[in-house]
Amino acid sequence: MRRNSGRQCGGCTACCKTHGIHEIDKPKGSWCWNCEVGVGCRIYHDRPLGCLTFKCEWLKGVGEESDRPDLLGLVLDLAVSRGNQPPEILQVFEILEGGLHNAADLVTRSVSMAALCSIPVTFIHASGRKEILDESRSLPGDILEAAIYEGFEIVRKPPWQ
Ligand code: SF4
Ligand code: SF4
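Everything in the sequence shown is counted per the working numbering, starting at 2 for the first residue and increasing by one.
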């Protein structure tokens with residue numbers, strides 16, 4: 002369990018599926034072999050630094066207590082990128098089919114905040130579909146090119162609209 006803003010992961014293990022952990026070559030989008038889903042990490046005391054330091058937005062205090070990612074059906078992650086990527090990007094990972102639609106209010110607020118700060122937003126659907134939002138057609142070309150290269154589709158509206 003991690004602590005932040007008084008919150009703990011508890012029985013949530015959602016990011017053990019959504020996120021890639023390069024230290025152990027764990028790919029994005031599939032359950033980590035060390036994860037006991039809904040319980041926790043089997044190597045908790047020896048888990049990689051990437052796991053030790055990761056905090057989703059809920060853990061940082063975004064949303065209500067009841068919006069815990071495994072209950073809500075999605076993980077919000079304001080990620081700091083490396084290299085040529087933009088300095089920050091809001092990644093919305095859907096972990097249960099319908100999660101994006103069910104959480105539309107919370108995600109709309111988060112997307113609006115990101116837009117105010119010119120932070121790009123991506124949606125990674127439970128189906129594997131990947132989208133980058135360019136509502137006002139204002140994202141720089143290099144960001145869009147990189148996203149397309151990684152298999153993202155450019156969309157003008159959030160998935161629930
Ligand atoms: S998604 Fe958030 S609450 Fe869930 S295990 Fe990961 S950091 Fe903890
Ligand atoms: S090593 Fe543990 S904390 Fe890290 S992704 Fe795997 S199960 Fe989750």
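Glycine residues also receive a C-beta, built at the ideal position from the N, C-alpha and C atoms.
Let me check you understand the geometry: is the CB of residue i closer than 8 Å to at least one non-hydrogen atom of ligand 2?
i	result
G51	yes
H102	no
K27	yes
Y150	no
H23	no
Grab the span of the alpha helix (DSSP H) containing residue i for me, first residue to last.
i	result
D106	A105 to L117
D68	No alpha helix (DSSP H) contains D68, which DSSP labels as neither H nor E.
T19	C16 to T19
E146	G142 to Y150
C52	L50 to T54
Write down the C-beta distance between residue i and residue j rounded to the nearest angstrom, noting that I regard them as a contact closer than 8 Å.
i	j	result
G100	A80	About 18 Å; that fails the 8 Å criterion.
S6	G64	Wrong, their Cβ atoms sit about 11 Å apart, outside the cutoff.
Should residue i be flagged as near chain B, meaning a C-beta pair shorter than 9 Å?
i	result
G39	The chain labelled as chain B is not found in the depicted structure, where only one protein chain is given.
For residue i, is the beta carbon positioned less than 8 Å from some heavy atom of ligand 1?
i	result
W32	no
V76	yes
R69	yes
A15	yes
Distance, Cα to Cα, residue i vs residue j?
i	j	result
V57	F94	A quick correction: the sequence has Cys, not Val, at residue 57. Cα-Cα distance, rounded: 11 Å.
T172	M114	The first residue shown for the chain is 2 and the last is 162, placing residue 172 beyond what the model contains.
G152	K131	7 Å
I144	P160	20 Å
R8	A116	26 Å
V156	Q162	11 Å
R138	V108	20 Å
D135	A104	20 Å
G1	H46	In the structure displayed, the chain extends from 2 to 162; residue 1 sits before or after that span and is not available.
D71	C13	5 Å
Would you list the residues sitting across from residue i in a DSSP beta bridge?
i	result
K131	I125
E37	G41
Q162	The partner list for Q162 (beta bridge, DSSP) is empty, contrary to what the question assumes.
Less than 8 Å between the CB of residue i and some heavy atom of ligand 4, yes or no?
i	result
K56	Only ligand 1 and ligand 2 can be found as ligands here, which leaves ligand 4 out of the picture.
How is the beta strand (DSSP E) around residue i delimited, first residue to last?
i	result
L77	L75 to V81
E58	Careful: E58 lies outside any beta strand (DSSP E), inside the alpha helix (DSSP H) at E58 to K61.
E154	E154 to V156
I90	E89 to E95
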